[in-house]
Amino acid sequence: MSKQLHYALFTGCTAKQSTPELLSSTLAVADKLGIKITILEEASCCGASHLQDFDEFLAHVLNARNICYAEKLGLTMITICNTCQLNSAMTKHALDKDSELKARVNEKLAEVGLEYKGTSEVKHFLYTLIDEYGLDKVKDKVTTPLSHLNIAPFYGCHNIRPSELHEEANGHENPYVPTSLDNLIAALEGNPVNYESKNKCCGFHVELQANHTSEVLAGNALLDAIDNAADIMVTPCPLCHLKMDTYQDSVGKVMGRDVKLPVLHMPQMVALALGCTEKEIGLNFHVQKAKHLHTA
Amino acid sequence: MGANKKITLKTFRFNAETDYLPYYKHYEMEVGKDELILDLLNRIKWEHDGSFSYRRSCRHGICGACAIKVNGKATLACKQNALELVALFGDELLIEPSSTKRVIKDMIIDKSDFWEKHAAVKPYVVSNVDPRPEAESKQSIAEFNNFLDSDLCVQCGACHYSCPALEVNDAFLGPAALNAAYRFTVDTRDEAGDERLSITAQGGSGVWDCVKCFECAEACPKEINPIEKIGKLHNLQFSRGVAESNIATRHAEGFLRGMKKTGYLDEADIVTYSEGYLGMYKHLGTAFKMMRVGKIHWHSGIPFINSIPKIKNLDEVQKLIEISQTNKL
Chain X
438 MSKQLHYALF TGCTAKQSTP ELLSSTLAVA DKLGIKITIL EEASCCGASH LQDFDEFLAH
498 VLNARNICYA EKLGLTMITI CNTCQLNSAM TKHALDKDSE LKARVNEKLA EVGLEYKGTS
558 EVKHFLYTLI DEYGLDKVKD KVTTPLSHLN IAPFYGCHNI RPSELHEEAN GHENPYVPTS
618 LDNLIAALEG NPVNYESKNK CCGFHVELQA NHTSEVLAGN ALLDAIDNAA DIMVTPCPLC
678 HLKMDTYQDS VGKVMGRDVK LPVLHMPQMV ALALGCTEKE IGLNFHVQKA KHLHTA
Chain A
69 MGANKKITLK TFRFNAETDY LPYYKHYEME VGKDELILDL LNRIKWEHDG SFSYRRSCRH
129 GICGACAIKV NGKATLACKQ NALELVALFG DELLIEPSST KRVIKDMIID KSDFWEKHAA
189 VKPYVVSNVD PRPEAESKQS IAEFNNFLDS DLCVQCGACH YSCPALEVND AFLGPAALNA
249 AYRFTVDTRD EAGDERLSIT AQGGSGVWDC VKCFECAEAC PKEINPIEKI GKLHNLQFSR
309 GVAESNIATR HAEGFLRGMK KTGYLDEADI VTYSEGYLGM YKHLGTAFKM MRVGKIHWHS
369 GIPFINSIPK IKNLDEVQKL IEISQTNKL
């Protein structure tokens, strides 16, 4: 028996607020697979790329602080949000390659007794499941195959682009032909839906200031999945989830078509196949209801 | 020549003067390991159909004329090895112009929107140059390096026509124009920085309409990373005091409000603070839906009621914000 996998989990803000089902299903998957998780309760918001727009240096300091806590535990920091992954990785790469910036950041961190060293990896849970746990082993644990479901993988920008930033953490996923989520769906015996929009933008980040753009981008992706016979969509990013799940009514009005498609978080889908109930994975927290997934 | 591979080019054809609809023609050919996509375009024209039209000029990746899309991937034809794309996409390559809706003939597109947007950001050094200077105009290596990579842009349009925000919003300046705005704004000889920053701060057309998808970073054949420059323009708006308080700037700065209180973003507060209380009516429908399923609570966003858990060691975050914040709104 190989050593038990143990990760430091950076939850991000949404899993602690509007998408509690993401956190509970992540922990359920870890529990079923025997992966040990230590939640970084000290970790703050990653800035979501918006704080970065306001004050890049401050955003680096705060993200470096989060990583410090994973380093203290000597663990890989895993994320369950693409945007947390992007911003944590951006800080890690910036500091690891620029010693002058690292020194300036550490000067601030020293004021609160911390030091960023660069010893912890930062990786999205999706890729630890694939690269470190292994899809074959996930497949072995499936008790409720998803073979009755056509599942549209929606990758989310910030796990796959810019590819240069992510290539070590995401197994060199090609942003034009991503495969990880398709392979995961197949391992759970679901039918991956092939559609053009799987690697496109959901529009979440301009929801407030460029609402029309945001609605059209979400609408394009949802309708593309629907037109390719998807029963559900699945995404590793809670921000994509919020945009695609919460706004289907307004998106439908903008697109002039009915938009109805249940959108699952990646860990919810895995948990479902590992035998968790719909209640355990928190489907009640979805705006677009996903019912009877075990038998649909 | 053992590495030759037989492939099919499914090629977009359209003549705006004579065709009602575009169509695709299939060309089969054996491709060698050193052939570029541009070589394949040449072979379509020379060996299959002389009427096939595309732009080409320098063949060295510096004129930007031959940008097209292969299987949706922005490609500078003269820089891209063909078999690399076969390895990625398979034995059939889909050859299309950068933007199918702007086609004049086959691969040739009308790039006037690109050039208009480029011109709108004053893509040149604005300076009152002394015709009889006493000394050279000096620039340090560090000052030069600030814009070195952004200066490598060849105006090929690969990023511009890969940008989904621009596809939806005609007014958006797009990544290439914004990269040019950055390049001249940080040039120490230039005097029009604030003007450019205010042009690129406009709602609807400027930096705040970028959707943060990083398609431009992926598309650029010169590895410029335009979205990184868009991020720098955002920061410059605040550091040079050009930013006005509006929904987008408050959305960026407002993250700190929640972080100071709990360490997390306050999801309800960020909407209220960015929109202003009067703008909140737009979100009531969504808020109600979210409340009904338990995503937010009745007291979310109401000051003095704690609906969000606090992180451990919150004082560290508060202290770090206090001592590290460099910009203000």
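Chains as they are written, first to last, in this note's numbering: chain X, 438 to 733; chain A, 69 to 397.
Just so you know, even glycine gets a beta-carbon here, dropped at the ideal spot from N, CA and C.
Note that the structure is predicted; figures quoted are calculated from it, not measured.
Practice task
Go ahead and label Ala226(A) buried or exposed: buried means 16 or more other beta carbons lie within 10 angstroms of its beta carbon, across all protein chains shown.
Solution key: Answer is buried; the Cβ neighbour count reaches 16.
Exercise for the section: Spell out whether any CB of chain A is found under 8 Å from the CB atom of Asp492(X). Expected result: So yes, Asp492(X) belongs to the interface.
Practice task
Buried or exposed for Trp366(A), please, with buried defined as at least 16 other CB atoms from any protein chain shown within 10 angstroms of its CB.
Solution key: Exposed, because fewer than 16 other Cβ atoms sit within 10 Å of the Cβ of Trp366(A).
Practice task
Using beta-carbon positions only, say whether Pro289(A) and Asn247(A) come within less than 8 Å of one another.
Solution key: No, these two residues do not count as a Cβ contact at 8 Å.
Handout entry: Candidates Lys396(A), Gln393(A), Asn381(A), Asn395(A): closest to Val549(X) by CA position
Key = For Val549(X), the closest alpha carbon among the candidates Lys396(A), Gln393(A), Asn381(A), Asn395(A) is that of Asn381(A).
Practice task
Could you tell me which residues DSSP puts in a beta bridge with Asn628(X)?
Solution key: Under DSSP, Asn628(X) forms a beta bridge with Asn587(X).
Problem - Interface flag, Gly362(A) vs chain X, CB-CB below 8 Å - result: At least one CB of chain X lies nearer than 8 Å to the CB of Gly362(A).
Problem - Cα-Cα separation, Thr76(A) to Glu115(A) - result: C-alpha separation (whole angstroms): 14 Å.
Exercise for the section: Check the DSSP bridge columns for Pro165(A) and list the partner residues they point to. Expected result: For Pro165(A), the pairing in a beta bridge is given by DSSP as Ile136(A).
Problem - Partners in chain A for Lys637(X), counting only beta-carbon separations shorter than 8 Å - result: Neighbours of Lys637(X) on chain A, chain order: Pro232, Cys281.
Exercise for the section: Can you pull the chain X residues whose beta carbon is under 7 Å from the beta carbon of Ser392(A), in chain order? Expected result: Against chain X, a Cβ distance below 7 Å from Ser392(A) picks out Phe494, Leu495, Val498, Lys545.
Exercise for the section: State yes or no: is the C-beta of Ala187(A) nearer than 7 Å to some heavy atom of the ligand COA? Expected result: Questions concerning the ligand COA fall outside what the structure shown contains, since it holds no ligand whatsoever.
Exercise for the section: For Cys482(X), count neighbouring C-beta atoms within 10 Å of its own C-beta (all shown protein chains included) and say buried if the count is 16 or more, exposed if not. Expected result: Buried.
Exercise for the section: Leaving out five residues on either side along the sequence, give the residues of the same chain with a beta carbon under 6 Å from the beta carbon of Ser600(X). Expected result: Sequence-distant partners of Ser600(X) (beyond 5 residues in either direction) whose C-beta falls short of 6 Å from its own C-beta, in its chain, are Pro612.
Handout entry: DSSP-derived helix/strand/coil call for Met692(X)
Key = Reduced to three states, the DSSP call for Met692(X) is helix.
Practice task
Could you list which residues in chain A have their beta carbon closer than 9 Å to that of Ser461(X), in chain order?
Solution key: By Cβ distance, chain A contributes nothing, its closest Cβ being about 12 Å from Ser461(X), past 9 Å.
Problem - Closer than 9 Å at the beta carbon, the chain X residues around Gly132(A) - result: Neighbours of Gly132(A) on chain X: none; closest Cβ ~21 Å, over 9 Å.
Practice task
For the beta strand (DSSP E) holding Ala142(A), just list the boundary residues, first then last.
Solution key: Ala142(A): member of the beta strand (DSSP E) spanning 141-144, first to last residue.
Handout entry: Touching by the beta-carbon criterion (3+ pairs, under 8 Å), the region 551-570 of chain X and the region 689-700 of chain X
Key = They do not touch, by the three-pair rule.
Practice task
Would you please verify whether the beta carbon of Gly640(X) is less than 8 Å from any beta carbon of chain A?
Solution key: Gly640(X) counts as touching chain A.
Handout entry: 8 Å contact criterion, which Met681(X) and Ala655(X) should meet: CB distance rounded
Key = Between Ala655(X) and Met681(X) the Cβ distance is about 6 Å, and since that is below 8 Å, they are a contact.
Practice task
Thinking Pro232(A) and Lys637(X) are a contact (beta carbons under 8 Å), I'd like their distance in whole angstroms, please.
Solution key: Correct: roughly 6 Å between the Cβ atoms.
Exercise for the section: Taking C-beta pairs closer than 7 Å, name the residues in chain X that Ile389(A) reaches, listed in chain order. Expected result: Correct list: Leu495.
Problem - C-alpha gap between Asp178(A) and Arg170(A), whole angstroms - result: The alpha-carbon atoms of Asp178(A) and Arg170(A) are separated by roughly 5 Å.
Problem - Separation of His128(A) from Ala203(A), as counted between CA atoms - result: So the alpha carbons of these two residues sit roughly 36 Å apart.
Problem - Identified DSSP bridge partners for His561(X) - result: For His561(X), the beta-bridge partners assigned by DSSP are Thr516(X).
Problem - Min CB distance Met327(A) to chain X below 8 Å - result: With 8 Å as the cut-off, Met327(A) counts as an interface residue toward chain X.
Practice task
For Asp44(A), count neighbouring C-beta atoms within 10 Å of its own C-beta (all shown protein chains included) and say buried if the count is 16 or more, exposed if not.
Solution key: Lying before the first or after the last residue shown, residue 44(A) is absent from chain A, which here runs from 69 to 397.
Problem - For Asn83(A): DSSP bridge partner residues - result: According to the DSSP secondary-structure assignment, Asn83(A) is paired through a beta bridge with Lys173(A).
Exercise for the section: Enumerate in chain order the residues of its own chain whose CB-to-CB distance from Ala733(X) is below 7 Å, with the five nearest sequence positions on each side excluded. Expected result: For Ala733(X), the predicted structure reports a pLDDT of 48, less than 50, and the residue's modelled location is therefore unreliable. The matter cannot be settled from this model.
Practice task
Assign Asp198(A) to buried or exposed, taking buried as 16 or more other Cβ atoms, counted over all protein chains shown, within 10 Å of its Cβ.
Solution key: Exposed, because fewer than 16 other Cβ atoms sit within 10 Å of the Cβ of Asp198(A).
Exercise for the section: Please report the Cβ distance between His702(X) and His678(X), rounded to the nearest whole angstrom; I am assuming they are in contact, meaning their Cβ atoms lie under 8 Å. Expected result: Yes, His702(X) and His678(X) are in contact; Cβ-Cβ is about 6 Å, under 8 Å.
Exercise for the section: Note the first and the last residue of the continuous beta strand (DSSP E) segment covering Thr475(X). Expected result: Where Thr475(X) is concerned, the enclosing beta strand (DSSP E) starts and stops at 473-476.
Handout entry: Same chain only: Cβ atoms within 8 Å of Val310(A), ignoring 5 sequence neighbours per side
Key = Here the set comprises Asp262, Leu265, Ser266, Ala269, Leu304.
Problem - Interface flag, Glu479(X) vs chain A, CB-CB below 8 Å - result: Chain A, which has a Cβ nearer than 8 Å to the Cβ of Glu479(X), makes this yes.
Handout entry: 8 Å contact criterion, which Leu442(X) and Thr475(X) should meet: CB distance rounded
Key = Not a contact, Cβ separation roughly 12 Å.
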